[in-house]
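Input: a single structure, listed below in structure tokens.
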Amino acid sequence: MHNIIFEDNMVMLKNIDNFDLKKTFECGQCFRWEQNENGFWQSIVGGKEINASQDDTNIVLFPCSKEDFDEFWFNYFDLGRDYSAINEVLNNDKTLKNAVKYGKGIRILNQEPWETLCSFIISQNNNIPRIKGIISRLCENFGEKKSFGYTFPSAEKIASLSVDDLAVLRSGFRAKYIIDAAKKVTSGTINLDELKKLDSDSAREILTTIYGVGEKVADCTLLFGLGHTNVFPKDVWIKRALSVLYNGKFPDCALNYEGIAQQYLFYYARETKLNV
């Protein structure tokens, strides 16, 4: 169990293991956490403003009541999952053991499904700075103003707009994909919460009925927004890595945790310039 202290609208996670804020926020799974001039990580998640800081042993979240932590942030930061046990299993493979060593501390965030879907639609054929820029303009123009930023606009808000309305985003061909996704989610044609309960293949098939959503965007949404940790985005690099290292698929020790293993492997490759 985590040693958690609640005090003055602040939560401290003491001596927490397997949680590195920087690695978690910069591993490519989210786009709205930024580090300010004081070294605090800031974001607006689910309409809630939050700061996070970390020293050698502790993580502090503020402003954060016990109620908000118990009802929202505990799940968002995936604190109910035993990453030590998962890492121990992944360590049975030599390459994954090295990847776990480099990527230790990465946690899979349980992000809001609509924001995740929309963000990864925007991410298609895009680089991180441009993705963040488009998402920032989306929030500034159609979200709600908070003290240090804007909320992510709801699917209902986006569904009420036209492609021309989204011209301010400078998102190019992605605008029509965003609108179609918002309309399908708002109408109930696609119920994102229900996709959490389906098997991954069935959920992926439904997501790919959205105009412009292919397997990679669907898998990012499944892993980062819908809790399918057995799923992972398969870009050109990871397909090649799996082919060279594992004959096309992860070893058995990664079963049901392929998404976590992929995040470790991606981070390991990026940090060590691993070529496969």
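Under the numbering used here, the first residue of the sequence shown carries the number 952, and numbering increases by one thereafter.
Glycine residues also receive a C-beta, built at the ideal position from the N, C-alpha and C atoms.
Could you tell me the distance, in whole angstroms, from the CA atom of Thr1137 to the CA atom of Thr1223? Mapped onto the sequence shown, residue 1137 falls at position 186. Mapped onto the sequence shown, residue 1223 falls at position 272. Each residue's alpha carbon lies about 43 angstroms from the other.
Do the segment 957-974 and the segment 1056-1069 make contact, defined as three or more Cβ pairs closer than 8 angstroms? yes
Sequence-distant residues of its chain with Cβ nearer than 6 angstroms to Ile995 (five each side left out): Residue 995 sits at position 44 when you count from the first residue of the sequence shown. So the qualifying residues of the chain are Lys1097, Gly1100 and Thr1102.
Residues in its own chain within less than 6 angstroms of Gly998 by CB, not counting five upstream and five downstream? Within the sequence shown, numbered from 1, the residue matching residue 998 stands at position 47. If we look at Gly998 and ignore the five residues flanking it on each side, its Cβ neighbours are Thr1102.
Taking the alpha helix (DSSP H) that Val1187 falls in, what are its first and last residues? Reading the sequence shown from its first residue, position 236 is the one you call residue 1187. Unbroken alpha helix (DSSP H) run through Val1187: Val1187 to Tyr1197.
Considering just the uninterrupted stretch of the alpha helix (DSSP H) at Lys1108, what are its terminal residues? The residue you call residue 1108 lines up with position 157 of the sequence shown. Counting along the chain, the alpha helix (DSSP H) containing Lys1108 begins and ends at Ala1106 to Ala1110.
Pick out whichever of Glu1091, Ser1087 and Asp968 has its Cα sitting closest to the Cα of Tyr1034. Reading the sequence shown from its first residue, position 83 is the one you call residue 1034. Among Glu1091, Ser1087 and Asp968, the Cα nearest to that of Tyr1034 is on Asp968.
With distances taken Cα to Cα, identify the nearest neighbour of Ala1110 among Glu988, Tyr1128 and Leu1120. On the sequence shown, residue 1110 is found 159 positions in, with the first residue counted as 1. Ranking the options by Cα distance to Ala1110, first place goes to Tyr1128.
Please state whether the Cβ-Cβ distance between Val1040 and Cys1171 is less than 7 angstroms. As a first step, residue 1040 must be located in the sequence shown, where it is residue number 89. As a first step, residue 1171 must be located in the sequence shown, where it is residue number 220. Their beta carbons are not under 7 angstroms apart, which means Val1040 does not touch Cys1171 by this criterion.
Opposite Ser1004 in the DSSP bridges: which residues? The residue labelled residue 1004 in the question sits at position 53 within the sequence shown. DSSP, once it has assigned bridges, lists Val1011 as partnering Ser1004.
Distance, Pro1064 Cα to Tyr1027 Cα: What you label residue 1027 is simply residue 76 of the sequence shown in a count that begins at 1. What you label residue 1064 is simply residue 113 of the sequence shown in a count that begins at 1. Rounded to the nearest angstrom, the two C-alpha atoms are 12 angstroms apart.
According to DSSP, is Arg1124 helix, strand or coil? By one-based count along the sequence shown, residue 1124 stands at place 173. The question names Arg, but residue 1124 in the sequence shown is Phe. For Phe1124, the three-state secondary structure derived from DSSP is coil.
Could you round the C-beta distance between Arg1121 and Ile1085 to whole angstroms and report it? I think they count as a contact, below 8 angstroms. Position 170 of the sequence shown, counting from 1, holds the residue named residue 1121. Position 134 of the sequence shown, counting from 1, holds the residue named residue 1085. Contact flag correct, Cβ pair sits at about 7 angstroms.
What would DSSP say about Gly1100, mapped onto helix, strand or coil? Stepping through the sequence shown from its first residue, residue 1100 is reached at position 149. Note: Gly1100 maps to strand in three-state DSSP.
Given Phe1013, which residues of its chain have a CB within under 6 angstroms of its CB, disregarding the five upstream and five downstream residues? By one-based count along the sequence shown, residue 1013 stands at place 62. Shown here for Phe1013: same chain residues with a beta carbon closer than 6 angstroms to its own, the five before and five after excluded, namely Met961 and Asn1002 in chain order.
Return the first residue and the last residue of the alpha helix (DSSP H) that Lys973 is part of. Taking the sequence shown and counting its residues from 1, one reaches residue 973 at position 22. First-last of the alpha helix (DSSP H) with Lys973: Leu972 to Glu977.
Could you tell me whether any Cβ in chain D is nearer than 7 angstroms to the Cβ of Thr1046? Among the chains in the structure shown there is no chain D, since it carries only a single protein chain.
Within 10 angstroms of the Cβ of Glu1107, are there 16 or more other Cβ atoms? Answer buried if so, exposed if not. By 1-based counting over the sequence shown, the position of residue 1107 is 156. Counting Cβ neighbours within 10 Å, Glu1107 comes out exposed, since fewer than 16 surround it.
With three or more beta-carbon pairs closer than 8 angstroms as the criterion, would you say the segment 1139-1159 touches the segment 1169-1185? yes
For Asp1029, I'd like the list of residues in its chain whose CB is within less than 8 angstroms of its CB, leaving aside the five on either flank, ordered along the chain. The count along the sequence shown starts at 1 and reaches residue 1029 at position 78. Residues Arg1058, Ile1059, Leu1060 and Asn1061 of the same chain have their beta carbon placed closer than 8 angstroms to that of Asp1029, with the five preceding and five following residues left out of the count.
Compare the Cα-Cα distances from Leu1068 to each of Lys1134, Asn1049 and Asn1009 and report the closest residue. Here residue 1068 corresponds to residue number 117 of the sequence shown, with the count starting at 1. Nearest of Lys1134, Asn1049 and Asn1009 to Leu1068, Cα basis: Lys1134.
Determine the direct distance from the alpha carbon of Gly1210 to that of Arg1221, and round the result to whole angstroms. On the sequence shown, residue 1221 is found 270 positions in, with the first residue counted as 1. On the sequence shown, residue 1210 is found 259 positions in, with the first residue counted as 1. The alpha-carbon atoms of Arg1221 and Gly1210 are separated by roughly 17 angstroms.
From Asn987 to Glu1095, what does the alpha carbon distance come to, in whole angstroms? Looking up residue 987 in the sequence shown gives position 36. Looking up residue 1095 in the sequence shown gives position 144. Each residue's alpha carbon lies about 21 angstroms from the other.
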